[in-house]
Each structure stands twice: as structure tokens, then as C-alpha cells.
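Novice: Which chain is which? The protein sequence lines are E and D, in order. So the first sequence is residues 51 to 474, counted in our numbering. So the second sequence is residues 274 to 561, counted in our numbering. Heads up, the beta-carbon is just placed ideally off N, CA and C, and yes, glycines get one too. Attaching a single structure in C-alpha cells format; questions to follow.
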Amino acid sequence: MKSYRLAASLGAAFVLTASVSTAALAQAPVCSAPVKVLAQPRDGLTLLEDSKDEFKKLSGASFQIDYLNENDRRAKSRADASTVGNYNVYYVDEANVALFASSGWIVPLTDYYPADYDYADFDPGRQKVATYDGKVWFAPLTGGGDLMVYRKDVLEAAGIQPPKTLDELIADVPKLTNADKGIYGIALRGARGSGANVWRWMPFFKAYGGKWFDGDKPAFNSDAAVKATETYLKLFKDSAPGTQTGSWDESTGAFLSGQVAILVESTPLSGMAVDPKTSQVVGKVGFLPPPSPLPGGGYGHGLAIGTKANADDAAKKCAGLFIAWATSKENEKRRLDAHQFGELNRTSVLSSKEFADIYGADLGQALAETGKVTAVNFWQDPRWPDLGDRWGIILEELVTGTRTDIKGGLNELEAYANDLVKKK
Amino acid sequence: MRRRSSLPVTFLVPTLAILLVLSMVPTLYAIVIALQNRELSAPGYSWVWFSNFADLFSDRRFLNAVWVSVKWEIVTVVATMVVAIGLGVLMFEVAGPRLRNFYCLLFIIPVLLPRVSAAFVWKFAYHPLYGIATYPYRLITGGLIFDPLSKPGTALFAVASVDVWQWGLFFAVIVLKLLETLPPQPIEAARLDHAKRWQIHAYVTLPMLKAPLISLMFVKMIESLRSFDLIYVMTRGGPGVATETLDMYAFSQGFIESGKVSYASAMAVLMMIATVITFTMLWKRVQA
Numbered sequence: 051m052k053s054y055r056l057a058a059s060l061g062a063a064f065v066l067t068a069s070v071s072t073a074a075l076a077q078a079p080v081c082s083a084p085v086k087v088l089a090q091p092r093d094g095l096t097l098l099e100d101s102k103d104e105f106k107k108l109s110g111a112s113f114q115i116d117y118l119n120e121n122d123r124r125a126k127s128r129a130d131a132s133t134v135g136n137y138n139v140y141y142v143d144e145a146n147v148a149l150f151a152s153s154g155w156i157v158p159l160t161d162y163y164p165a166d167y168d169y170a171d172f173d174p175g176r177q178k179v180a181t182y183d184g185k186v187w188f189a190p191l192t193g194g195g196d197l198m199v200y201r202k203d204v205l206e207a208a209g210i211q212p213p214k215t216l217d218e219l220i221a222d223v224p225k226l227t228n229a230d231k232g233i234y235g236i237a238l239r240g241a242r243g244s245g246a247n248v249w250r251w252m253p254f255f256k257a258y259g260g261k262w263f264d265g266d267k268p269a270f271n272s273d274a275a276v277k278a279t280e281t282y283l284k285l286f287k288d289s290a291p292g293t294q295t296g297s298w299d300e301s302t303g304a305f306l307s308g309q310v311a312i313l314v315e316s317t318p319l320s321g322m323a324v325d326p327k328t329s330q331v332v333g334k335v336g337f338l339p340p341p342s343p344l345p346g347g348g349y350g351h352g353l354a355i356g357t358k359a360n361a362d363d364a365a366k367k368c369a370g371l372f373i374a375w376a377t378s379k380e381n382e383k384r385r386l387d388a389h390q391f392g393e394l395n396r397t398s399v400l401s402s403k404e405f406a407d408i409y410g411a412d413l414g415q416a417l418a419e420t421g422k423v424t425a426v427n428f429w430q431d432p433r434w435p436d437l438g439d440r441w442g443i444i445l446e447e448l449v450t451g452t453r454t455d456i457k458g459g460l461n462e463l464e465a466y467a468n469d470l471v472k473k474k
Numbered sequence: 274m275r276r277r278s279s280l281p282v283t284f285l286v287p288t289l290a291i292l293l294v295l296s297m298v299p300t301l302y303a304i305v306i307a308l309q310n311r312e313l314s315a316p317g318y319s320w321v322w323f324s325n326f327a328d329l330f331s332d333r334r335f336l337n338a339v340w341v342s343v344k345w346e347i348v349t350v351v352a353t354m355v356v357a358i359g360l361g362v363l364m365f366e367v368a369g370p371r372l373r374n375f376y377c378l379l380f381i382i383p384v385l386l387p388r389v390s391a392a393f394v395w396k397f398a399y400h401p402l403y404g405i406a407t408y409p410y411r412l413i414t415g416g417l418i419f420d421p422l423s424k425p426g427t428a429l430f431a432v433a434s435v436d437v438w439q440w441g442l443f444f445a446v447i448v449l450k451l452l453e454t455l456p457p458q459p460i461e462a463a464r465l466d467h468a469k470r471w472q473i474h475a476y477v478t479l480p481m482l483k484a485p486l487i488s489l490m491f492v493k494m495i496e497s498l499r500s501f502d503l504i505y506v507m508t509r510g511g512p513g514v515a516t517e518t519l520d521m522y523a524f525s526q527g528f529i530e531s532g533k534v535s536y537a538s539a540m541a542v543l544m545m546i547a548t549v550i551t552f553t554m555l556w557k558r559v560q561a
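Structure below.
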């Protein structure tokens with residue numbers, strides 16, 4: 051009997067110890083130190099900071115986000131990731147994911163992204179942009195393609211139908227400019243950068259049949275590039291003041307303050323245009339896919355796990371948990387409730403009734419249509435930022451008139467591209 | 274026999290040693306990197322010796338940056354000194370002691386503003402549609418648009434005006450204080466000889482202040498070499514490459530565009546050599 055009691059006691063003690071250990075293991079904090087994030091300002095991330103306690107409860111540590119504007123964020127993250135590696139999580143985008151991944155500055159995300167958070171729920175287009183060399187590298191914070199956003203009242207007053215083709219757009223834009231009344235036909239991006247002026251120029255380049263490379267041989271120095279540049283410069287004559295050296299902020303700012311008749315821009319603009327907090331043209335705006343054959347510029351920005359700052363697996367798991375939580379369905383729902391259109395990436399949210407109730411059927415229809423013409427317009431290669439930024443400088447020179455020889459600019463870029471290829 | 278004190282050595286050696294380490298280590302490292310072909314995206318590197326330096330002289334953007342830097346240096350230094358001397362003399366001549374104190378306080382405020390804040394404030398002030406600095410042009414021309422930061426002919430001057438706004442006004446206060454320290458007798462003597470006000474300053478006061486004014490000019494020349502933050506915020510070197518100075522281009526090559534840190538270091542080394550030679554020659558000429 052005694053031995054039975056002893057065995058029972060031992061068994062009970064074992065079970066108790068085992069369950070306590072399991073419970074302790076289950077509750078063991080995933081993170082041992084605050085997660086450091088280098089990002090660019092996004093409404094979704096600002097909103098996320100209100101839920102710091104929730105992440106601390108989940109992981110055992112808080113997080114700290116340092117913000118820099120897009121160009122500065124790109125420069126700083128590149129310098130940091132390649133040298134000291136201060137940040138656990140980097141904000142990366144379609145233009146530099148190949149460089150970060152091929153340089154080993156970030157690690158494949160799905161190895162550390164908890165399955166419960168359902169990565170497959172993200173919009174397939176954004177998943178595609180986040181994939182390089184067959185691996186997924188970031189979880190999307192924003193993304194999409196292009197939409198043509200236009201002022202219904204201005205077009206109606208001018209007796210012009212929304213352009214459906216590029217030729218119609220080129221013909222309509224000068225007619226819509228009325229500088230005396232502070233209205234300009236279009237707003238483009240003039241500021242240098244693969245993600246700035248080059249980003250808006252690329253749909254024209256692709257529309258005229260241009261391609262970046264043929265194998266390892268540069269193929270962009272073509273009639274398509276010349277025609278695209280001529281068209282871009284022609285349209286720039288009717289672009290709102292301040293956009294010649296401006297980018298997304300300047301062109302969308304001009305539209306939202308009522309100075310622009312037609313704007314072909316990345317999809318988050320559409321959400322801003324219907325939000326009274328950001329737009330002075332609410333109720334006057336229509337949406338359509340970009341005039342044919344302009345392809346939309348497919349893009350995606352998101353969070354990736356840094357290699358250097360996360361030296362061991364535990365640190366990588368912590369960074370992975372932060373990214374999963376930050377881009378979770380719950381947080382995306384919060385962003386929808388806050389009407390942060392540009393911060394929505396999950397199909398479960400984009401196809402929800404709440405989304406349709408807030409943004410209406412027109413925008414949903416336009417988004418569905420533009421998805422069909424959205425394409426990857428840039429050269430998907432680690433050397434793209436280098437090449438794209440170089441063209442950005444030349445294009446800015448052409449836009450602002452410090453040089454006028456389009457062909458000379460393309461020749462210069464081709465020589466640069468040949469050097470890049472040789473170095474590979 | 275006089276015993277030599279060890280006090281100067283005790284104070285000087287540690288200070289100079291720290292200074293030497295702080296200045297020489299990064300300088301030597303920059304020279305070493307300039308002789309290699311390091312890039313941020315590639316862990317490996319090799320010695321290319323003077324190849325980066327040779328490449329610079331066939332790089333049109335580098336040559337443009339040299340020219341822009343020279344223009345920037347001349348425009349900002351000359352304009353700052355002209356504004357400083359002009360305003361300093363004007364305050365000395367027309368303002369009473371209380372008004373002078375008020376102007377001094379007012380003129381010191383711009384230089385106390387952080388450079389980046391000043392750059393942002395003026396970037397908005399130069400906005401073609403909403404800017405307060407472009408408003409008079411819109412008013413006079415009936416609404417015509419003037420965008421000084423996106424015009425190649427005006428961008429450098431628009432950015433330089435912010436530099437002069439900060440430093441010219443501050444230097445004006447210094448010039449005023451220098452004028453106030455001058456002995457009154459020579460000025461009185463000139464007045465008795467019926468010299469006009471401008472003649473008094475041109476031939477008496479300013480020549481008496483030659484040494485401090487030259488020192489001020491050197492301070493401004495060094496300060497003008499460090500205008501990266503102002504240019505970066507206001508134009509990023511644009512439109513095109515119209516305001517791309519050497520430091521701006523070096524940073525762009527090292528960290529924004531291609532991650533060519535060796536190429537950027539070669540530029541930094543050349544800038545250092547050119548600066549040392551130029552300043553030494555100028556200093557010797559002034560001393561002579």
C-alpha cells in the first residue's frame with residue numbers, strides 16, 4: 051500500500067511539475083529586450099504605438115519605432131544594415147528588398163512568422179512583391195498599384211470625359227489647366243529617385259513597350275524610353291507648381307487641396323481623397339484604372355527581420371512575432387476602423403462588408419479593375435536602386451531643364467548600366 | 274640654472290593625444306578606404322590604389338560638384354560679409370543704444386535656430402503657391418508662379434539666402450560690437466576734416482577692423498563648407514545637380530544611391546587636401 055502511495059505521490063508530483071513547467075514554458079516571454087524598428091512615417095504604425103501594452107503582454111517586451119522620410123529611411127537602413135545593425139526590424143520596399151535579401155541584411159520572414167497569424171491572407175499581389183528568389187522577406191504594411199483619380203466637377207465644367215487611353219490623357223491635360231483659377235491638368239513627380247520620379251515615369255516606359263534588360267544586356271536605351279520621356283516632359287508643362295522637385299507628398303498634396311484635375315498615383319491616394327480629414331475635394335472625386343495602355347506600378351512596403359541585430363534564433367523569433375502582431379488581422383481591423391485606407395493589405399479586410407460600407411462600391415470596383423493592369427515595372431534586381439536612382443537624377447535634370455538631351459541622358463545611363471553588369 | 278616646468282607637458286600631452294586620435298584615426302581610415310573598392314552591399318573588397326581618384330576626374334557629377342562648391346563658397350562668404358558689414362555700420366550710425374540692443378537680440382535669433390529647422394521653415398516660405406517669400410512676386414505679377422527652388426538659375430541663391438540670413442545677421446551684431454570698441458578719436462578727427470560718413474567707415478573704421486573682419490571671413494569660409502544639412506533639406510542637390518556640392522555628392526554616392534563608400538571616401542580625401550591647401554595659401558597671403 052505504502053509503495054502504491056509513494057508511486058502515486060511521485061506520479062502526482064511529476065504531473066504537477068510537468069504541468070507547471072509546461073505552463074512556465076507557455077508563458078515564457080518571447081522577447082527579452084524591446085524591439086527596435088527603423089521605418090518611415092505611416093498612419094498605421096502611429097496607430098500601432100497606441101497598443102504597445104498589448105505587444106508587451108504578448109511578448110514580454112515593448113517596441114520602439116524610429117521614423118525617417120522615405121529617402122532618408124532608405125539611406126539610413128542601408129547604412130545601418132550593412133554596418134552596425136542597430137535595428138531588429140527594417141521597413142523595406144519593393145525597390146530595395148532584392149538588395150537587402152541578396153546582401154544577407156534580412157532573413158526569410160516565414161521561418162519566424164507564427165503560422166497563427168495567417169500570412170496567406172495578405173493580398174496576393176503584395177505577397178508577390180514581398181517575394182524574392184523564391185522566399186518571402188517582408189509582411190506588407192501598404193501596397194497596391196495605380197489608380198486614376200480625377201475631379202468630376204472640373205472635367206464636367208470643361209466638357210471632358212475621363213480619359214480612357216493615354217492619347218486622350220495627353221490631349222485632355224492641357225485643356226484642363228486653368229492657372230488663373232489655380233487648377234492644373236495633372237501632377238507628376240519630378241524629384242530624383244527610383245521610388246520618386248522614376249516610379250511615375252516607368253508606366254509610360256512600359257506602355258510604349260520598353261524593357262530594362264535583355265538577359266545581362268541593357269535594353270532600356272530605346273525609342274520607347276525616348277518617347278516615354280518626351281511624353282513625361284510634355285505632361286510636366288501642366289503639372290502643379292512645386293511638383294518639379296517634388297514627389298508623392300507634393301503631387302498628392304496638390305490634388306487633395308483642389309489644384310489638380312487628374313492624377314494617376316498609387317492607390318492609397320484614393321482613400322485620402324474621400325477622407326474629410328485629409329481632402330478638400332471630398333464628393334468631387336472619381337476613380338478609374340490608369341488610361342490604357344499605362345500599367346499600374348505594383349508596389350509593396352513592409353517589415354522585415356534584420357540579420358545583424360538579431361544574432362540568435364530567439365531574437366529572430368521575437369522580431370518575427372512583432373512583425374506578425376503588427377500586421378495581424380486585429381491590427382488591420384483597427385486601421386480600417388480608423389479609416390486608414392492605405393494601410394490595408396489583407397484580403398479578409400479588403401473584401402469585408404465594413405470596407406464596402408466605408409469606401410463605397412465605386413472605389414471597390416476601380417480597385418478590382420486596376421488590379422488587372424498592375425505590373426512590376428522596375429528591374430527586379432539588387433542593383434535596381436543604384437540604376438533607378440541614377441536615372442532619377444538624369445530625369446530630374448530633364449524635368450527642371452538643366453539638361454535637354456534625352457538621348458544623351460539615356461546613353462549615360464546605359465554606360466552606367468554596363469559598368470554595373472560588369473561588376474556582378 | 275632655471276628649472277623647466279612639467280606643467281605644460283602635463284596639460285598638453287593628454288589633450289593633444291586625444292585630439293590626434295580623434296582626428297587622425299578617421300582621416301587615416303578614410304584614406305585607406307579611398308584606396309580600396311568597398312561597397313556597402315558587398316562584404317569583400319580589394320586594393321584599387323588611385324583608381325577611385327582617377328575615376329573622379331571623368332565623372333561629370335563630380336566636376337559639377339566642385340564647381341557648385343566653389344560657387345557656394347564664394348556666394349555665401351561674400352554675401353554674408355557684405356550683409357554683416359552693411360547692417361553693422363547701419364546700426365552703428367542710425368540706432369541709439371536701446372534700439373541697437375533690440376536689433377542685436379533680433380539678429381541673433383536666426384543663428385540660434387537649428388540648421389534643419391531653418392531649412393524647413395524657408396523651404397515652406399519658398400513654396401510657389403503658399404510661400405510667404407514668393408507672395409510679393411505673386412502679388413506684383415497678378416498670380417504668376419515663381420518656384421525658386423526648382424529653377425536651376427535661382428536654387429543655389431535661394432538656399433544661400435538662408436545661410437546668409439542665419440550668419441550675415443549674426444555677424445552684423447559682431448561687427449557692431451567691434452565698431453563700438455573702437456577708440457572715438459580717429460572717427461572724431463575724420464569728422465573734423467569733413468569726411469562723409471561712408472568715407473569714415475571706408476577709410477577709418479573698417480581698415481582698423483581688418484584683422485577681426487578677416488578672422489570672421491575665415492570662420493564663415495569654414496562654416497560654408499559644412500552646409501550639407503541646409504542643402505539636403507531644401508533641395509537634395511537639385512534641381513538636377515544645380516545645388517549638388519561635394520559633400521552632398523559624396524553622401525549621395527556613399528549612402529543614398531550606390532553605396533560606394535570607397536568612391537565617396539576618395540571625394541572626401543580630395544576635399545580635405547584641397548581645403549587644407551587653399552586655406553593655408555589664403556592664410557599665408559593674409560599674414561603677409
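(1) For residue 452(E) and chain D, any beta-carbon pair shorter than 8 Å?
(2) With C-beta atoms as the reference, is residue 152(E) less than 8 Å away from residue 435(E)?
(3) Helix, strand or coil for residue 427(D)? Go by DSSP, reduced to three states.
(4) On the criterion of 16 or more Cβ atoms from any shown chain inside 10 Å, does residue 330(E) qualify as buried, or is it exposed?
(5) What is the rounded straight-line gap between the Cα of residue 455(E) and the Cα of residue 165(E)?
(6) Do residue 106(E) and residue 137(E) have their beta-carbon atoms positioned less than 8 Å apart in this structure?
(7) Can you tell me which of 280(E), 266(E) and 257(E) puts its alpha carbon nearest to the alpha carbon of residue 482(E)?
(8) Please check if any C-beta of chain E sits within less than 8 Å of the C-beta of residue 425(D).
(9) Please identify, using Cβ separations under 8 Å, the residues of the region 487-499 of chain D that lie next to chain E, in order along the chain.
(10) Please list the residues of the region 411-425 of chain D that have a C-beta atom closer than 8 Å to any C-beta atom in chain E, keeping them in chain order.
(11) The alpha helix (DSSP H) with residue 347(D) in it runs from where to where?
(12) Going by C-alpha to C-alpha distance, which of 143(E), 382(E), 200(E) and 226(E) sits closest to residue 182(E)?
(13) Considering only the alpha carbon of each residue, which of 298(D), 464(D), 370(D) and 361(D) lies closest to residue 442(D)?
(14) With a CB to CB cut of under 6 Å and the five nearest residues on each side skipped, what residues in its chain are close to residue 292(E)?
(15) Check whether chain D comes within 8 Å of residue 92(E), counting only Cβ atoms and requiring the distance to be less than that.
(16) Quick check on this structure: which residue in 252(E), 96(E), 315(E) and 469(E) has the alpha carbon closest to the alpha carbon of residue 194(E)?
(17) Is it buried or exposed, residue 190(E), if we count other Cβ atoms within 10 angstroms and call 16 or more buried?
(18) At a CB-CB cut-off below 8 Å, which residues of chain E make contact with residue 515(D)?
(19) Which full runs of the beta strand (DSSP E) of 3+ residues lie inside the region 361-403 of chain E, going along the chain?
(20) Could you please give me the residues that DSSP links to residue 493(E) through a beta bridge?
(21) Pull out every residue of the region 390-401 of chain D whose Cβ sits closer than 8 Å to any Cβ of chain E, in chain order.
(22) Measure the alpha-carbon distance for residue 260(E) versus residue 198(E) and round it to whole angstroms.
(23) Going by DSSP in three states, residue 296(D) sits in which element: helix, strand or coil?
(24) Does DSSP put residue 430(E) in a helix, a strand or coil?
(25) Quick one, are the C-beta atoms of residue 140(E) and residue 376(E) less than 8 Å apart?
(26) Going by CA-CA distance only, name the one from 507(D), 561(D), 519(D) and 310(D) that's closest to residue 395(D).
(27) Any idea what DSSP makes of residue 74(E), helix, strand or coil?
(28) Look up residue 376(D) in the DSSP assignment and say whether it is helix, strand or coil.
(29) Spatial neighbours of residue 126(E) within its chain, please: C-beta separation below 7 Å, excluding the five flanking residues on both sides.
(30) Alpha carbon to alpha carbon, how far is residue 314(D) from residue 352(D)? Give it in angstroms, no decimals.
Specialist: Let me lay it out:
(1) In the first sequence, counting from the first residue as 1, residue 452(E) sits at position 402. Yes, contact with chain D.
(2) Within the first sequence, residue 152(E) is the residue found at index 102, counting from 1. Within the first sequence, residue 435(E) is the residue found at index 385, counting from 1. For residue 152(E) and residue 435(E), no; Cβs fall outside 8 Å.
(3) Within the second sequence, numbered from 1, the residue matching residue 427(D) stands at position 154. In this structure, residue 427(D) counts as coil in the three-state DSSP scheme.
(4) Locating residue 330(E) in the first sequence gives position 280, where the first residue counts as 1. It is exposed - the Cβ of residue 330(E) has fewer than 16 other Cβ atoms within 10 Å.
(5) To locate residue 455(E), count along the first sequence from 1; it is residue 405. To locate residue 165(E), count along the first sequence from 1; it is residue 115. Those two C-alpha atoms are separated by around 54 Å.
(6) Mapped onto the first sequence, residue 137(E) falls at position 87. Mapped onto the first sequence, residue 106(E) falls at position 56. Not closer than 8 Å, so no.
(7) In the structure as shown, chain E begins at 51 and stops at 474. Residue 482(E) is therefore absent and cannot be evaluated.
(8) Translated into positions along the second sequence, residue 425(D) becomes position 152. Chain E contact via Cβ: present.
(9) none
(10) 416, 418, 420, 422, 423, 424 and 425
(11) Residue 347(D) sits at position 74 when you count from the first residue of the second sequence. Residues 333-367.
(12) As a first step, residue 182(E) is located in the first sequence; it is residue number 132 there, counting from the start. Of the listed residues, the one whose Cα sits closest to residue 182(E) is 143(E).
(13) Sequence index remark: in the second sequence, residue 442(D) carries index 169 (1-based). Ranking 298(D), 464(D), 370(D) and 361(D) by Cα distance to residue 442(D) puts 361(D) first.
(14) Sequence index remark: in the first sequence, residue 292(E) carries index 242 (1-based). Excluding positions up to five away in sequence, the list reads 300.
(15) If you number the first sequence from 1, residue 92(E) lands on position 42. It does not: the Cβ of residue 92(E) has no partner Cβ on chain D nearer than 8 Å.
(16) The residue labelled residue 194(E) in the question sits at position 144 within the first sequence. Nearest C-alpha to residue 194(E): 315(E).
(17) In the first sequence, the residue the question calls residue 190(E) occupies position 140. With 16 or more Cβ atoms within 10 Å of its Cβ, residue 190(E) is classed as buried.
(18) Sequence index remark: in the second sequence, residue 515(D) carries index 242 (1-based). The answer, in chain order, is 450 and 452.
(19) none
(20) Only positions 51 to 474 of chain E appear in the structure, and residue 493(E) is not among them; the question remains open.
(21) 400 and 401
(22) The sequence position of residue 260(E) within the first sequence is 210, counting from 1. The sequence position of residue 198(E) within the first sequence is 148, counting from 1. Approximately 22 Å, taken between the alpha carbons.
(23) To locate residue 296(D), count along the second sequence from 1; it is residue 23. Helix.
(24) In the first sequence, counting from the first residue as 1, residue 430(E) sits at position 380. Three-state DSSP puts residue 430(E) in coil, outside helix and strand.
(25) Along the first sequence, one-based indexing puts residue 140(E) at 90. Along the first sequence, one-based indexing puts residue 376(E) at 326. The answer is no: Cβ separation not under 8 Å.
(26) Indexing the second sequence from 1 puts residue 395(D) at position 122. Residue 507(D) is the option with its Cα nearest to residue 395(D).
(27) As a position in the first sequence, residue 74(E) is number 24, starting the count at 1. Bear in mind that a pLDDT of 42 at residue 74(E), under 50, signals an unreliable position, so the number given afterwards is only what the model happens to contain. If DSSP states are grouped into helix, strand and coil, residue 74(E) belongs with the helices.
(28) Reading the second sequence from its first residue, position 103 is the one you call residue 376(D). Reduced to three states, the DSSP call for residue 376(D) is helix.
(29) Here the question's residue 126(E) lines up with position 76 in the first sequence. Same-chain partners within the cutoff: 88 and 118.
(30) Numbered from 1 along the second sequence, position 79 holds the residue referred to as residue 352(D). Numbered from 1 along the second sequence, position 41 holds the residue referred to as residue 314(D). Looking at the two C-alpha atoms, the distance is approximately 42 Å.
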